[in-house]
Amino acid sequence: MPWENIVSSSARDRVRALLKTTGWLQTDIDTLANDADLYAAGLTSHATVTLMLSLEEAFDVEFPDTLLRRRTFSSVDAIVEALTEIGVKTEAV
Amino acid sequence: MSDWIAAARAVGSDVAARHADDVDQQARFPKEAMDALKAARLLGILVPKDKGGPGAGIADVVSVCHVLGQYCAATAMIYAMHQIQVSCIVRHGGGNSWMDAFAKRLAAEQLLLASATSEAGIGGDVRSSICAIEEKGGRFALAKQATVISYGADSDGILVTARRTAQSPASDQVIVVVPKSSAKLEQLQDWDTLGMRGTCSIGYHLKAEGEMAQIISKPYADVSAQTMLPTSHLVWSSLWLGIATDAVARARAFVRAEARKKPGVLSPGAVRLAEATSQLQLMKANVVAALRRYEAALGSEDNLSALPFAIAMNSLKTASSQMAVQIVGQAMLVAGLAAYRNDTPYSLGRHLRDAHSAALMVNNDRILANTAQLVLALRDDPELLA
């Protein structure tokens, strides 16, 4: 929804919330820093695709081909950086 | 034609082809052909010049696999699996003295490398491990119930996947280089299969110890995506193409012999031969296109770990493995009973049995399920020559 980006928490918090509610990680996201390696925390390549689709749904965006690589989803920071690159507003930090 | 391809052709026709039926019947390691490949110094061709090798590229190795596949598929498969391991070391092992010294040994001693990626209890998913690296005082110990280590008994070293530490999740893996001299192998079963009988792909209980420097520090996930998977699918597809190429050659020889006996009369098999030739062209084009795609991606980690690239390589494997069986089947229809019999120059029984392994050894359904996940993220590709 259009107002969602304004009233809701920052993109970073929403990414963290998304990672918390799913079973993709074997480590609790709350214990991980924003630059922590999500793959080392148990993120698999299959889960990466599901994560990408969930991000597309949550932020109403589409990841272009050039961002469809492992590095894009390697940490919370990397994900936020990619989201910013494709136009998601990340203020309200 | 490069010297390597000429050498492979000589090993294939003079040695591998001569022993192929016996290797197949006995389900034994193709020792004569592998010794000949060592003698021709074809095992270490990927080792770069600064490590004492000739610095061949992926195209050279893929070409050698294609040649060997035309003479003895088991020999070609062993050569292919070996080069997959070498490419991991050459591309990702650099940076410590142990690994550099081992790369030099690969060239100097023409070591044969095997692989232990599958494990009992992981449900066939090689991207997760149960066993883990146990570090103690700068050294590691490792024990793995490896469901398959092809030609493990005849190898000089084994690349083993394991969790990085005992605390790591199943998907956080590393790959360890284990020289055979520091490994204990306990064979778990025998090997009696329909085809690819010379690869001796049996399970072992493996125990190893060594220095921490034997571990490739880069995550196995990256080594796998950037090197092991694309190399595997390229070398395998290429040797399956070799099987299909020889099957079509035999079918063509049959039709030509018929045509000589009755000039001007088109033999009933000729139409099938035309069909098989067309399929072979398609399969070859696919292998070559994928090879060029990999070469273009080399040098860029982003390109190598991109989803569309992984999908392209997976698709090469599933398509080639199916086409190999189709083409050999077509070729068999061309020569009819002469191909079906086991005692004619046109026999294709071994080809057909070997080709059937392609869809099963690293199961196509597993790869397709993996690709099915990835295609959800794939974008449109509307250009012919992008």
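In order, the protein sequence lines correspond to chains W and U. Quick note, our numbering runs 52 ahead of the 1-based positions in the first sequence. Quick note, our numbering runs 639 ahead of the 1-based positions in the second sequence. Just so it is clear, CB atoms sit at the ideal spot from N, CA and C, and this is done for glycine as well. For clarity, every value in this text was computed on a predicted model and none was experimentally measured.
Cβ shell of I882 of chain U (< 7 Å), same chain only, five flanking positions each side left out = Within the second sequence, residue 882 of chain U is the residue found at index 243, counting from 1. Counting only Cβ-Cβ distances below 7 Å, and skipping sequence neighbours, we find G708, A712, A963, V967, H990, D993 and A994.
Which residues mark the beginning and the end of the alpha helix (DSSP H) in which E109 of chain W is found?
-> In the first sequence, counting from the first residue as 1, residue 109 of chain W sits at position 57. Looking at the DSSP string, the run of the alpha helix (DSSP H) that includes E109 of chain W is S97 to F111.
Three CB pairs or more closer than 8 Å across the stretch 685 to 701 of chain U and the stretch 740 to 751 of chain U = yes
For R66 of chain W, which residues in chain U fall below 8 Å Cβ to Cβ?
-> For the purposes of this step, residue 66 of chain W is taken as residue 14 along the first sequence, with counting starting at 1. Residues of chain U passing the Cβ test: none, with the nearest at roughly 20 Å.
Using Cβ-Cβ distances below 9 Å, what residues of the stretch 784 to 818 of chain U are close to chain W?
-> R803, S807, P808, A809, S810 and D811
Near-chain W residues of the stretch 944 to 963 of chain U - C-beta to any C-beta below 7 Å = S944, A945, L946 and P947
Got a sec? Which residues, its chain only, sit under 8 Å from Q965 of chain U by beta carbon, not counting five neighbours each side?
-> The residue labelled residue 965 of chain U in the question sits at position 326 within the second sequence. Counting only Cβ-Cβ distances below 8 Å, and skipping sequence neighbours, we find Q918.
Cβ neighbour criterion (16 or more within 10 Å) applied to T136 of chain W | Taking the first sequence and counting its residues from 1, one reaches residue 136 of chain W at position 84. Classification of T136 of chain W: exposed, given that the 10 Å Cβ count is below 16.
Just to confirm, are V874 of chain U and Q724 of chain U a CB contact at a threshold of 8 Å?
-> As a first step, residue 874 of chain U is located in the second sequence; it is residue number 235 there, counting from the start. As a first step, residue 724 of chain U is located in the second sequence; it is residue number 85 there, counting from the start. In this structure, Q724 of chain U does not lie closer than 8 Å to V874 of chain U by Cβ.
Short CB-CB distance (under 8 Å) between L972 of chain U and chain W | In the second sequence, the residue the question calls residue 972 of chain U occupies position 333. Chain W, which has no Cβ nearer than 8 Å to the Cβ of L972 of chain U, makes this no.
Leaving aside the five residues before and after V862 of chain U along the sequence, list all residues of the same chain whose C-beta is less than 7 Å from its C-beta, in chain order.
-> On the second sequence, residue 862 of chain U is found 223 positions in, with the first residue counted as 1. The answer, listed in chain order, is C727, H731, I814 and I855.
When you check each C-beta in the stretch 852 to 865 of chain U against every C-beta of chain W, which residues fall closer than 8 Å?
-> P858, A860, D861 and A864
Please state if the CB of K819 of chain U and the CB of D795 of chain U are separated by a distance shorter than 8 Å.
-> The residue you call residue 795 of chain U lines up with position 156 of the second sequence. The residue you call residue 819 of chain U lines up with position 180 of the second sequence. Yes, the pair counts as a contact, with Cβ atoms nearer than the cut-off.
Flag D941 of chain U as yes if its beta-carbon sits less than 8 Å from any beta-carbon of chain W, otherwise no.
-> Within the second sequence, numbered from 1, the residue matching residue 941 of chain U stands at position 302. So, interface residue.
Cross-strand partners of L752 of chain U (DSSP beta bridge) | Looking up residue 752 of chain U in the second sequence gives position 113. BP columns for L752 of chain U point to U:G796.
Excluding five sequence neighbours on each side, which residues of the same chain lie with their C-beta closer than 7 Å to the C-beta of A88 of chain W?
-> The residue you call residue 88 of chain W lines up with position 36 of the first sequence. So the qualifying residues of the chain are S127.
Secondary structure of Q826 of chain U, DSSP reduced to three states | For this step, residue 826 of chain U is matched to residue 187 along the second sequence. Strand at Q826 of chain U.
Residues of chain W with CB under 8 Å from R766 of chain U, in chain order?
-> For the purposes of this step, residue 766 of chain U is taken as the residue at position 127 of the second sequence. Chain W residues near R766 of chain U: T96 and S97.
Between the stretch 998 to 1015 of chain U and chain W, which residues of the former have CB atoms less than 8 Å from a CB of the latter, in chain order?
-> N1009, Q1012, L1013 and L1015
Pick from U:V1001, U:A1008, U:L880 and U:K900: whose alpha carbon is nearest that of W706 of chain U?
-> Against the second sequence, residue 706 of chain U aligns to sequence position 67. One point to set straight first is that residue 706 of chain U is Val, not Trp, in the sequence displayed. Cα-wise, what sits closest to V706 of chain U is U:L880.
For T73 of chain W, which three-state DSSP category applies?
-> Position 21 of the first sequence holds residue 73 of chain W. Of the three classes helix, strand and coil, the one that applies to T73 of chain W here is helix, per DSSP.
K783 of chain U and A809 of chain U look like a contact to me (Cβ under 8 Å); what is the Cβ gap, rounded to whole Å?
-> The count along the second sequence starts at 1 and reaches residue 783 of chain U at position 144. The count along the second sequence starts at 1 and reaches residue 809 of chain U at position 170. Contact flag wrong, Cβ pair sits at about 13 Å.
By DSSP, does G734 of chain U sit in helix, in strand, or in coil?
-> On the second sequence, position 95 is the one that residue 734 of chain U refers to. Here G734 of chain U sits in coil by DSSP.
Could you check how far apart the C-beta atoms of D945 of chain U and L120 of chain W are, in whole angstroms? I think they sit under 8 Å.
-> For the purposes of this step, residue 945 of chain U is taken as the residue at position 306 of the second sequence. For the purposes of this step, residue 120 of chain W is taken as the residue at position 68 of the first sequence. With the sequence shown as reference, residue 945 of chain U is identified as Ala, and Asp is not the correct amino acid for it. With 8 Å as the limit, A945 of chain U and L120 of chain W qualify as a contact, their Cβ atoms being about 6 Å apart.
Just confirm the distance between the C-beta atoms of A785 of chain U and A755 of chain U, as a whole number of angstroms; I'd bet it's less than 8 Å.
-> Walking along the second sequence from the start, residue 785 of chain U turns up at place 146. Walking along the second sequence from the start, residue 755 of chain U turns up at place 116. Contact flag correct, Cβ pair sits at about 4 Å.
For V701 of chain U, the nearest candidate out of U:I1006, U:S877 and U:G763 (CA to CA) | If you number the second sequence from 1, residue 701 of chain U lands on position 62. That would be U:S877, whose Cα lies nearest to the Cα of V701 of chain U.
Kindly indicate which three-state DSSP category I882 of chain U falls into: helix, strand or coil?
-> Counting from one through the second sequence, the residue named residue 882 of chain U turns up at place 243. The answer is helix: DSSP assigns I882 of chain U an H, G or I state.
Under a Cβ-count criterion, where at least 16 other Cβ atoms within 10 Å of its own Cβ denotes burial, should T714 of chain U be classed as buried or exposed?
-> In the second sequence, counting from the first residue as 1, residue 714 of chain U sits at position 75. T714 of chain U should be labelled buried.
At 7 Å on the CB atoms, spell out the chain U contacts of A92 of chain W, in chain order.
-> By 1-based counting over the first sequence, the position of residue 92 of chain W is 40. Within 7 Å Cβ-Cβ: D811.
Inter-residue spacing [alpha-carbon to alpha-carbon] between V816 of chain U and L751 of chain U | Counting from 1 along the second sequence, the entry for residue 816 of chain U is found at position 177. Counting from 1 along the second sequence, the entry for residue 751 of chain U is found at position 112. In a straight line, the C-alpha of V816 of chain U is about 12 Å away from that of L751 of chain U.
Any C-beta of chain W under 8 Å from that of R932 of chain U = Residue 932 of chain U sits at position 293 when you count from the first residue of the second sequence. False, the Cβ-Cβ gap to chain W never drops below 8 Å.
Quick one: Cα of A144 of chain W to Cα of S61 of chain W, how far?
-> As a position in the first sequence, residue 144 of chain W is number 92, starting the count at 1. As a position in the first sequence, residue 61 of chain W is number 9, starting the count at 1. Only weak support is given to the placement of A144 of chain W: the predicted model assigns it a pLDDT of 47, under 50, and the value that follows is read from those uncertain coordinates. In a straight line, the C-alpha of A144 of chain W is about 7 Å away from that of S61 of chain W.
Chain W beta carbons: is any one of them nearer than 8 Å to that of R730 of chain U?
-> Within the second sequence, numbered from 1, the residue matching residue 730 of chain U stands at position 91. So, not an interface residue.
So T786 of chain U is in the alpha helix (DSSP H); what residue range does that whole segment cover?
-> Residue numbering aside, residue 786 of chain U sits at position 147 when the second sequence is read from its first letter. Here T786 of chain U belongs to no alpha helix (DSSP H); instead the beta strand (DSSP E) covers R778 to S789.
List in chain order: all unbroken alpha helix (DSSP H) runs of 4+ residues lying wholly within the stretch 681 to 738 of chain U.
-> 697 to 708 and 712 to 731
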